[in-house]
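Residues in the sequence shown are numbered from 1 upward in steps of one, following full-length UniProt numbering. Even for Gly, the Cβ is constructed at its ideal location relative to N, Cα and C. Just so you know, these numbers come straight off a predicted model, no measurement behind them.
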Amino acid sequence: MGQMIPDLAATSRATTTKIKPNGTSNGINTAGKKCQHDPTFTQKVIAATGPNANPRLAQIFPSLVRHLHDFAREVNLTVGEWSAAVDFLNDCGKMSSDRRNETQLLCDILGLESLVDEITSKQLATSTTQTPSAILGPFYRSDAPFLPNGTSIVQGLSPSVSWYEKALEDSAFLSGKVLSTDGKPIENAVVDVWHTAPNGLYEQQDSDQPEMNFRGRFRTDQQGRYALYALRPVPYPIPDDGPAGRLLGLLDRHPNRPGHIHFIVSAEGHRALTTQLYDSRDRWVDDDAVFAVKDELVVRFEPREGDPGARWELGYDFILGRC
Ligand code: MBD
Ligand code: FE
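Below, the structure written as structure tokens:
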């Protein structure tokens, strides 16, 4: 985890000149026939990259091709299996829209979004004290309403909704500061927050919820403070009615994520922090379907006294690194 991709440009330059024309390569066996897996084939594909290729792509493409080809050789991938994988990827694309990102969900259950997040955050970190990042996930909406500090992101709460009682039980006050790594509070930082309803559905997955329910953006005050009412998050199964769910089934895996609240915390001069907080009451914190939990992000809600608006409270400070 966290290893940098090695500089592959040198490797590809050195090897492209070694390719021999077909028939003279060492891919010929003693019977004069090509070996089952021509060892020069991969280099030929790599060498097809032209001199004006996009530089970053030219750097990483040789590695991608090598790993893909090695994978196919290692498992003796058949045409039928490869074809099923093509259909699978196409199905992911067809199911994706501005409300649902199935291809990203596939990356999540493969652990790829978490791994890339770790690589990126280590690469850009300017301090070891900054709050760890966690993945964005497929349900972010960039245009949540700005709300005054101390207000609620819970909309449409009435006895007529099926999750009314649960919402009362889990009502929570969240507050804290946004700080620089030197410990100074940051004024005017934006805390963008979102979570699911107690039925485990994000607002855009659920036609019964008002637009932008359980989403809001808050600006920190002069002391760097933010405050809002929300709910303790509930565990929920990632959508498993599509190709990603089919893959989970084939792998005999469960689709559950621990209850979590998403945040993007941003401020001028600082690197935006995308992260999630996990409720320690949840058994799935140790077994997340998308491998995103980090110990520092598991939080304990405490009972809140004397506030009709919330039964629980959580204090959490976010520490941002500089750009
Ligand atoms: C989610 O709600 C989520 O946060 C992630 C990372 C993946 C799938 C669903
Ligand atoms: Fe989520």
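- Within the segment 71-132, the complete alpha helix (DSSP H) segments at least 4 residues long are 79-95, 102-109 and 112-124, listed from N- to C-terminus.
- Counting only residues of its own chain and dropping the five nearest sequence neighbours on each side, tyrosine 278 has a CB closer than 6 Å to the CB of Pro258, His260, Val285, Val293, Leu297 and Val298.
- The segment 238-318 is shown to contain whole beta strand (DSSP E) runs of 3 or more residues at 260-266, 273-279 and 312-315, in chain order.
- DSSP lists Thr151 and Leu174 as the beta-bridge partner residues of leucine 228.
- Those residues that have a beta carbon less than 6 Å away from any non-hydrogen atom of the ligand MBD are, in order along the chain, Leu105, Asp108, Ile135, Gly137, Pro138, Phe139, Ile238, Arg257, Val290 and Ala292.
- The Cβ atoms of isoleucine 186 and glycine 224 lie closer than 8 Å to each other.
- In the same chain as phenylalanine 291, and ignoring 5 residues on each side of it, the C-beta atoms closer than 6 Å to its own belong to Gly111 and Ser114, in chain order.
- Inter-residue distance for threonine 181 and asparagine 90 is about 44 Å (C-alpha atoms, whole angstroms).
- Here the alpha carbon of glycine 137 sits roughly 26 Å from the alpha carbon of leucine 68.
- The alpha-carbon of glutamate 302 is positioned some 11 Å away from that of serine 280.
- The way I'd put it, the segment 237-251 does touch the segment 95-108; three or more beta-carbon pairs between them come closer than 8 Å.
- Residue pairing for phenylalanine 218: DSSP places it in a beta bridge opposite Val191.
- Counting the other Cβ atoms within 10 Å of the Cβ of arginine 217 gives 16 or more, which makes it buried.
- Straight-line measurement puts the Cα of leucine 320 at about 10 Å from the Cα of glycine 269.
- One Cα belongs to isoleucine 46, the other to aspartate 87, and the distance between them is close to 25 Å.
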